[in-house]
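Take a look at the structure below.
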Amino acid sequence: MSNKKYKEIVEDVLKSDDRLWNKEKTEFNIPLLFNFIDQMDEKIISLLLDREEIRKKFFLKVKDAYVFKTNEFKFFIEEHKVFNSYTSYPNRIGLSDGKE
Numbered sequence: 053m054s055n056k057k058y059k060e061i062v063e064d065v066l067k068s069d070d071r072l073w074n075k076e077k078t079e080f081n082i083p084l085l086f087n088f089i090d091q092m093d094e095k096i097i098s099l100l101l102d103r104e105e106i107r108k109k110f111f112l113k114v115k116d117a118y119v120f121k122t123n124e125f126k127f128f129i130e131e132h133k134v135f136n137s138y139t140s141y142p143n144r145i146g147l148s149d150g151k152e
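Counting in my numbering, the sequence shown runs from 53 upward without gaps.
Following this line, the structure appears as structure tokens:
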């Protein structure tokens, strides 16, 4: 499966956790996601583990347990620009002359 497809699947899964979004659902908080991952947040881990494609790529099965590959997942999020930006206004730069 291509990384683009994994990106779409990961985005779809993470959209379901309202804690990662602002009230208007326009800003995704990647640092908060990483914090939840570092804390092994049960809800986030369960969401990811429940999706077979994500489980196969980002979890290692050891006997009857799954171990989450946190560093690999975080690298994937950063490298593939999941949600492209923290805001709904990507690639916009504002300039000011300081007069207004």
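Even glycine gets a Cβ: it sits at the ideal position worked out from N, Cα and C.
- Here the region 102-113 makes no contact with the region 74-85; the two share fewer than three CB pairs at distances below 8 Å.
- V114: member of the beta strand (DSSP E) spanning F111 to V114, first to last residue.
- One thing to note: K126 has its Cβ within 9 Å of the Cβ of F86.
- Short of 7 Å from the beta carbon of K59, and not among the five residues preceding or following it, lie these beta carbons of its own chain, in chain order: H132 and V134.
- Bounds of any beta strand (DSSP E) do not take in F125; it lies within the alpha helix (DSSP H) bounded by T122 to E131.
- By the Cβ-count criterion, V119 is exposed, with fewer than 16 other Cβ atoms from all chains shown falling within 10 Å of its own Cβ.
- With a cutoff of 9 Å on beta-carbon distance, I97 and V65 are scored as not near each other.
- Beta-bridge pairing by DSSP links Y118 to K113.
- If you look at V134, you'll find it isn't in any alpha helix (DSSP H); DSSP assigns it neither H nor E.
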